[in-house]
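**Q** Note that the protein sequences, when read in sequence, are chains A and B. In this text, residue positions in the first sequence follow this note's numbering: the first is 1, and each later residue adds one. In this text, residue positions in the second sequence follow this note's numbering: the first is 1, and each later residue adds one. Ideal placement from N, C-alpha and C gives every residue a C-beta, glycine not left out. If you're wondering where the values come from, they're calculated on a predicted model, not measured in any experiment.
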Amino acid sequence: MFQRDTLNSELSFFQKIKEMDYTLLICIILLSIISLLVMYSTDGGEILFHTKSHFSKLAVFFPMMIFIAFFNIRYWHTFAYLFYLLIILLLLYVSFFGLRSSGSQRWMDLYLFVLQPSELMKIAIILCLAKYYHRIKVENVNSLTSIILVLSIIIIPIIFVISQPDLGTSVLIAMSGLIVLWLGGVKVKYFVYSFITFLISLPFIISFLKPYQKLRILTFLDPDRDPLGAGYQIIQSKIAIGSGGLEGKGFLKGTQSYLDFLPEKHTDFIFTLFSEEFGFIGSVGLLVLYMIIIFRIIRIGTLSRSNFSKLFCFGFAFSIFIYIVVNLSMVLGLLPIVGSPLPIMSYGGSSMLATMIGFGIVLSAKINRKQSIA
Amino acid sequence: MIKENLGIRKSDIINRRMFIIGAAKIIIFTGIVARLFSLQINENKKYLTLSDKNRIREWKLPPTRGNIVDYFGNIIAGNLKVYQLHIIPEQVENFNYLLVRLKTLLNLSEKKIQKIINLKNKLKPWDSIIVSENLSWSQFLKVNNYLYDLVGVKPVMTISRNYPFNEMYTHVLGYVSQPNEEEILENKIVKERFVPGMKIGKLGLEKTLENQLIGTNAIQRYEVNAYGKRINQLEYQKGLQGSKIRLTVDTEVQKLSAQLLSNKAGSISVMDIYTGDILAMYSSPSYDPNLFLFGISQDDWQLIRNNPLKPLINKTLSGLYSPGSTIKPIVALSALENNIINPNFKVKCTGKTELYGQTFHCWKEKGHGFVSLKNAMKQSCDTYFYEIARLLGVDRLNVTAKKFGLGEKVLGEYFDTEKRGLFPNTNWKKNNLGRGWVLGETLITGIGQGYTQTTPLQLCLMTAQIANGGYKIKPKIIVNNDPLNLEDAKNSMELQSLQKPNTRLFNDSRNIKIIQEAMFSSTNEQFGTSYRSRIDDPKYQFAGKTGTSQVKRISKRERELDLKLEQIPYKDRDHALYIAYGPYKNPRYALSIIVEHGGSGSKAAAPMAKELFKLIIDRDELRDKQSNFENINI
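1. Tell me the DSSP secondary structure of residue 74 of chain A in three-state form.
2. Tell me the rounded alpha-carbon separation between residue 462 of chain B and residue 360 of chain B.
3. Starting from the C-beta of residue 40 of chain A, find all residues in its chain whose C-beta is less than 6 angstroms away, skip the five residues before and the five after it, and write them out in chain order.
4. With a cut-off of 8 angstroms, does the C-beta of residue 47 of chain B fall near any C-beta of chain A?
5. How would you list, in chain order, the residues of chain B whose beta-carbon sits under 8 angstroms from the beta-carbon of residue 245 of chain A?
6. Please name the residue in B/601, B/579, B/600 whose C-alpha comes closest to that of residue 591 of chain B.
7. DSSP three-state call for residue 530 of chain B: helix, strand or coil?
8. Going along the region 212-236 of chain B in order, which residues come within less than 8 angstroms of chain A, judged by CB to CB distance?
9. What first and last residue would you give for the beta strand (DSSP E) that runs through residue 353 of chain B?
10. With H, G and I counted as helix, E and B as strand and the rest as coil, what does DSSP make of residue 363 of chain B?
11. Using the beta-carbon of each residue, which ones in chain A are nearer than 7 angstroms to residue 33 of chain B?
12. Identify whether residue 141 of chain A lies in helix, strand or coil by the three-state DSSP scheme.
13. How long is the line joining the alpha carbons of residue 83 of chain A and residue 65 of chain A, rounded to whole angstroms?
14. How many angstroms separate the CA atom of residue 445 of chain A from the CA atom of residue 179 of chain A?
15. Against chain A, with Cβ distances strictly below 8 angstroms, would residue 25 of chain B count as a contact?
16. Per DSSP, what kind of secondary structure is residue 371 of chain A in: helix, strand or coil?
17. Using beta carbons (cut-off 8 angstroms, strictly below), is residue 321 of chain A in contact with chain B?
18. Here's the rule: buried if 16 or more other CB atoms are within 10 angstroms of the residue's CB, otherwise exposed. What is residue 544 of chain B?
19. Please state the DSSP three-state secondary structure of residue 624 of chain B.
20. To the nearest angstrom, how far is it from the Cα of residue 173 of chain A to the Cα of residue 317 of chain A?
21. Flag residue 57 of chain B as yes if its beta-carbon sits less than 8 angstroms from any beta-carbon of chain A, otherwise no.
22. Ordered along the chain, which non-local residues of its own chain (more than five positions away) have a Cβ less than 8 angstroms from that of residue 90 of chain A?
23. Could you name the residues of chain A that residue 174 of chain B contacts, counting a contact when the two beta carbons are closer than 8 angstroms?
24. Hey, residue 177 of chain B and residue 202 of chain B are a contact pair by Cβ (cut 8 angstroms); roughly how many whole angstroms apart?
25. Less than 8 angstroms between the CB atoms is what I'm expecting for residue 230 of chain B and residue 126 of chain B, so what's the real figure, rounded?
26. Can you give the Cα-Cα distance for residue 250 of chain B and residue 560 of chain B, rounded to whole angstroms?
27. List, in order along the chain, the chain A residues whose C-beta lies closer than 9 angstroms to that of residue 124 of chain B?
28. Kindly say whether residue 314 of chain A, judged by its beta-carbon, lies nearer than 8 angstroms to any beta-carbon of chain B.
29. Would a check of beta-carbon distances place residue 15 of chain B closer than 8 angstroms to chain A?
30. Could you pull out every unbroken alpha helix (DSSP H) segment of at least 4 residues lying fully inside the region 379-452 of chain B, listed in chain order?
31. How about residue 37 of chain B: is its C-beta nearer than 8 angstroms to some C-beta of chain A?
32. Helix, strand or coil: how does DSSP classify residue 305 of chain A here?
33. Spell out a yes or no on whether the region 74-90 of chain B and the region 141-161 of chain B are touching, meaning 3 or more CB-CB pairs, one atom from each, closer than 8 angstroms.
34. Taking 7 angstroms as the cut-off, is the C-beta of residue 527 of chain B nearer than that to any heavy atom in the ligand SAH?
35. Buried or exposed: residue 288 of chain A, going by 16 or more other Cβ atoms within 10 Å of its Cβ?
36. Give me the Cα-Cα distance between residue 58 of chain B and residue 242 of chain B, rounded to the nearest whole angstrom.
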């Protein structure tokens with residue numbers, strides 16, 4: 001008992017610095033630098049709006065991450081439900097008063113930057129469910145009430161996000177939530193059954209999609225059906241990546257990018273530009289960097305004493321993995337185009353904010369790994 | 001303890017399930033790497049090509065046409081640097097202000113301004129609008145002076161066709177202008193090399209020699225962005241100028257021809273009787289082909305089109321005339337060749353001949369009395385030729401006329417507007433008019449009236465073939481590699497006649513000689529019809545035959561009135577014709593002259609021959625020297 005008490009007690013500042021996970025930290029710094037260079041390249045080799053803005057976001061969110069890291073993960077456990085509810089409220093706010101842009105309403109103006117609450121929901125849902133599965137007894141995990149409860153936790157934000165409409169983010173939120181369910185011990189057969197049900201109801205779901213979403217699926221199946229219209233993005237993206245070759249065209253020499261053939265090159269298609277300029281070697285290098293980050297987070301999870309930390313780390317690692325996979329599959333033409341940013345690399349404040357919060361919590365979990373949470 | 005156990009169990013579940021996911025992650029990542037590998041390594045070439053196709057665009061520039069030069073290497077169709085004014089809309093700060101400035105600077109019309117505005121709305125902002133295709137030097141200077149004030153305006157230098165001798169060669173060269181859609185599709189080479197602003201030959205040699213003259217496009221390779229805007233030039237590939245073409249024409253002779261025919265409608269052709277080289281081929285009046293280069297103005301076009309002297313018709317090749325008395329050498333030759341007459345055959349001319357109640361008049365009302373062949377030719381006695389034509393018959397005459405090139409195209413391969421003319425025979429009339437030949441028609445055919453229609457160039461060729469001793473020659477206007485000095489040309493012509501008997505146009509060379517002598521007397525002996533135009537100096541002395549071709553039938557009343565030329569309405573006046581060759585002692589050149597509605601051949605046409613022979617023979621030596629230079633460098 002004594003031992004536990006000492007473990008539960010707060011670590012000193014220097015102990016915290018000592019316990020900080022430097023592998024993850026260095027990887028994040030590296031990724032930030034790469035993202036700045038790529039952003040510089042999207043600006044055509046000049047320090048223009050996107051580079052400056054991306055830099056200022058990093059300058060705010062990176063210290064914020066460190067700050068979060070020094071906070072005991074216990075507080076995140078304590079306020080997890082509240083955080084979830086807060087984001088739900090923000091989603092509610094956005095659905096009434098949000099900013100509209102290119103046909104969807106998902107942003108709120110915070111004067112300093114425009115926040116997209118659905119991005120934060122990706123973290124909030126993991127926190128919320130991690131707390132839930134941390135607290136619930138193992139034998140109750142598969143009870144009907146529990147299943148209904150966690151499903152509603154997932155479905156409520158998704159309803160908001162789908163109605164924005166934002167299919168990509170809602171799928172990612174669902175995936176992040178479901179993975180915590182999986183980790184929490186929900187029976188495998190439930191997953192199998194719902195997957196089968198999903199497949200069966202797929203045509204039905206498709207009939208509910210908006211015309212532009214259907215078009216994206218059609219375009220994915222055959223990009224050449226409208227090469228200058230719907231298929232343009234994916235065709236140009238494949239050309240950019242494919243023409244990069246082994247070594248790439250060189251930094252700032254991506255012709256597809258600086259001649260404006262790449263659409264959305266700052267955001268969802270940022271990997272395309274990176275891949276064009278740095279080639280196969282660079283792309284695999286970037287993937288390896290992401291892999292190190294993901295497996296380092298998993299490692300931190302396994303090192304952690306508390307299940308909350310474990311669940312959060314594993315859930316967050318998986319969600320980062322899913323973002324990367326969905327984004328890369330999209331730009332490589334393996335999935336239909338769904339709006340999904342590449343963590344840290346893509347331009348966009350909310351996504352970076354959410355990711356940095358996640359990293360902060362993971363770092364905090366590392367620092368407080370020996371602590372158990374009641 | 002229980003709680004603790006459960007806790008351990010829970011973390012076991014978490015860790016186990018994490019392990020499954022971790023494995024799945026590695027598999028999925030491997031899949032993505034495999035996809036990257038297939039795109040970037042396996043299909044790299046394909047995508048690299050596609051990316052180049054995206055970013056590199058080629059701009060073809062109009063090719064530079066080959067020069068056309070005369071026999072002495074003077075450029076008669078060349079290329080000139082022209083100054084153009086382009087507007088690049090995206091660089092313009094204030095479009096309306098610019099238009100107002102340009103309007104006052106260049107005196108642009110309201111219509112032109114409207115056209116520019118329309119173009120601006122139609123084109124992409126980086127596509128240049130051509131304000132003026134051909135700025136004068138002073139306009140160019142003016143624009144350059146105010147360039148600081150004309151943001152977005154670009155003075156451009158390009159190359160355009162130019163005809164330095166203006167209307168002198170229009171009927172030989174034709175002109176170039178913007179092609180229409182049909183013309184682009186018609187010619188594969190033009191279709192391939194077409195770019196806006198390119199001009200193609202519309203007429204004459206410019207048209208027929210299009211494929212040789214056209215040249216190849218210069219190519220500019222630009223890197224462009226996704227919107228098609230040029231970012232930077234990657235490469236400039238020079239085009240090849242079209243082939244240079246050297247013609248047989250002599251600009252000095254052509255100039256004199258134009259001068260002689262100024263203010264008249266008519267044609268002059270001059271030909272080398274051995275090589276068939278055409279020294280001059282002028283149809284009057286002509287028009288300035290430079291007017292067509294940038295689109296002819298409505299006013300200029302109406303002026304040309306409505307000119308009663310019909311400048312648009314190439315009279316040398318497409319003008320059909322009754323040969324009149326210029327046919328007489330052929331009629332006489334045919335009669336001699338067919339042994340109908342001998343040179344001493346005489347006919348009594350009383351001024352008219354009666355046949356089946358129809359009267360056929362000689363031009364000399366009182367008659368010539370007894371005339372021999374030579375005298376008949378010399379004084380152009382119609383009665384004599386009525387008689388020998390009657391004896392000869394039109395079919396035999398037709399054979400001789402055909403041999404000498406009447407009724408056949410002369411330069412058809414180069415000029416698609418050339419007419420073949422007509423020399424009738426009995427079959428022709430039956431087949432085409434459905435009626436039998438009438439003897440009276442033979443008589444008038446004998447003096448070059450009736451159905452016979454010839455082009456001036458045919459008459460020139462006919463004369464040349466009489467002059468060279470009766471050998472067939474192939475007239476040409478483009479210099480080729482044939483031997484060109486007099487002896488060589490003569491020998492090659494005679495050699496060819498031995499190899500190909502059909503190039504010998506006579507049975508007995510003495511008959512040709514008789515005709516030549518008769519033509520000589522017509523010009524150089526007293527009472528000859530062109531005696532007044534003779535040159536006594538043997539160096540220039542020439543032999544010829546006048547002709548006066550009736551445009552309308554002369555009524556009895558008019559014959560009695562014996563009107564002066566000025567008293568007859570222009571349209572009803574006779575055409576004046578003259579054919580000649582010289583120098584008589586050692587002939588080299590033949591010519592034909594036609595002055596439409598000029599009156600009599602001896603008064604209107606023959607004096608021109610005198611001027612021409614002086615010049616042609618003076619330049620003979622120069623021409624011989626020039627023949628040695630196959631390729632003149634200009």
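**A** On the basis of the supplied data:
1. Locating residue 74 of chain A in the first sequence gives position 74, counting from the first residue. Helix, per DSSP.
2. Taking the first residue of the second sequence as 1, we reach residue 462 of chain B at position 462. Taking the first residue of the second sequence as 1, we reach residue 360 of chain B at position 360. Their backbone Cα atoms lie some 26 angstroms apart in a straight line.
3. The sequence position of residue 40 of chain A within the first sequence is 40, counting from 1. These residues qualify, in order along the chain: 51.
4. Looking up residue 47 of chain B in the second sequence gives position 47. Taking Cβ atoms only, chain A reaches closer than 8 angstroms to residue 47 of chain B, which makes this a yes.
5. On the first sequence, position 245 is the one that residue 245 of chain A refers to. By Cβ distance, chain B contributes 40, 41, 44, 48.
6. Numbered from its first residue, the second sequence carries residue 591 of chain B at position 591. Of the candidates B/601, B/579, B/600, the one whose C-alpha sits nearest the C-alpha of residue 591 of chain B is B/579.
7. Taking the first residue of the second sequence as 1, we reach residue 530 of chain B at position 530. Three-state result, residue 530 of chain B: coil.
8. 223, 224, 225, 226, 227, 231
9. Sequence index remark: in the second sequence, residue 353 of chain B carries index 353 (1-based). Element bounds for residue 353 of chain B: 352-355.
10. Numbered from 1 along the second sequence, position 363 holds the residue referred to as residue 363 of chain B. Note: residue 363 of chain B maps to coil in three-state DSSP.
11. Residue 33 of chain B sits at position 33 when you count from the first residue of the second sequence. The answer, in chain order, is 284, 287.
12. One-based indexing of the first sequence puts residue 141 of chain A at position 141. Residue state, collapsed to three classes: coil.
13. For the purposes of this step, residue 83 of chain A is taken as residue 83 along the first sequence, with counting starting at 1. For the purposes of this step, residue 65 of chain A is taken as residue 65 along the first sequence, with counting starting at 1. Whole-angstrom Cα-Cα distance: 17 angstroms.
14. The requested residue 445 of chain A is not part of the displayed model; chain A covers only 1 to 374.
15. Position 25 of the second sequence, counting from 1, holds the residue named residue 25 of chain B. At least one chain A Cβ lies under 8 angstroms of residue 25 of chain B.
16. Here residue 371 of chain A corresponds to residue number 371 of the first sequence, with the count starting at 1. Correct three-state label for residue 371 of chain A: coil.
17. Along the first sequence, read from residue 1 onward, the residue named residue 321 of chain A stands at position 321. Answer yes: the Cβ-Cβ gap between residue 321 of chain A and chain B drops below 8 angstroms somewhere.
18. For the purposes of this step, residue 544 of chain B is taken as residue 544 along the second sequence, with counting starting at 1. Counting Cβ neighbours within 10 Å, residue 544 of chain B comes out buried, since at least 16 surround it.
19. For the purposes of this step, residue 624 of chain B is taken as residue 624 along the second sequence, with counting starting at 1. Residue 624 of chain B falls in the helix class under three-state DSSP.
20. Within the first sequence, the letter at position 173 stands for residue 173 of chain A. Within the first sequence, the letter at position 317 stands for residue 317 of chain A. Straight-line Cα distance between these residues: approximately 14 angstroms.
21. Counting from one through the second sequence, the residue named residue 57 of chain B turns up at place 57. It does not: the Cβ of residue 57 of chain B has no partner Cβ on chain A nearer than 8 angstroms.
22. Against the first sequence, residue 90 of chain A aligns to sequence position 90. Closer than 8 angstroms at the Cβ level, and outside the excluded window around residue 90 of chain A, lie 108, 115, 117, 120.
23. What you label residue 174 of chain B is simply residue 174 of the second sequence in a count that begins at 1. The premise fails here: residue 174 of chain B is roughly 44 angstroms from chain A at the closest Cβ pair, so nothing lies under 8 angstroms.
24. For this step, residue 177 of chain B is matched to residue 177 along the second sequence. For this step, residue 202 of chain B is matched to residue 202 along the second sequence. At roughly 5 angstroms, the Cβ-Cβ gap stays under 8 angstroms, so residue 177 of chain B and residue 202 of chain B are in contact.
25. In the second sequence, residue 230 of chain B corresponds to position 230, counting from 1. In the second sequence, residue 126 of chain B corresponds to position 126, counting from 1. So it is a contact: roughly 7 angstroms between Cβ atoms.
26. Numbered from 1 along the second sequence, position 250 holds the residue referred to as residue 250 of chain B. Numbered from 1 along the second sequence, position 560 holds the residue referred to as residue 560 of chain B. Those two C-alpha atoms are separated by around 46 angstroms.
27. As a first step, residue 124 of chain B must be located in the second sequence, where it is residue number 124. Within 9 angstroms Cβ-Cβ: nothing; residue 124 of chain B doesn't reach chain A, min ~14 angstroms.
28. Taking the first residue of the first sequence as position 1, residue 314 of chain A is located at position 314. Output row for residue 314 of chain A: interface = yes.
29. Against the second sequence, residue 15 of chain B aligns to sequence position 15. At least one chain A Cβ lies under 8 angstroms of residue 15 of chain B.
30. 382-392, 394-403, 426-433, 439-446
31. Within the second sequence, the letter at position 37 stands for residue 37 of chain B. With 8 angstroms as the cut-off, residue 37 of chain B counts as an interface residue toward chain A.
32. For the purposes of this step, residue 305 of chain A is taken as residue 305 along the first sequence, with counting starting at 1. Coil at residue 305 of chain A, not helix or strand.
33. yes
34. Ligands in the displayed structure: none, and consequently the ligand SAH is not present.
35. What you label residue 288 of chain A is simply residue 288 of the first sequence in a count that begins at 1. The residue is exposed, with fewer than 16 neighbouring Cβ atoms inside 10 Å.
36. Residue mapping note: residue 58 of chain B aligns to position 58 of the second sequence, counting from 1. Residue mapping note: residue 242 of chain B aligns to position 242 of the second sequence, counting from 1. Each residue's alpha carbon lies about 21 angstroms from the other.
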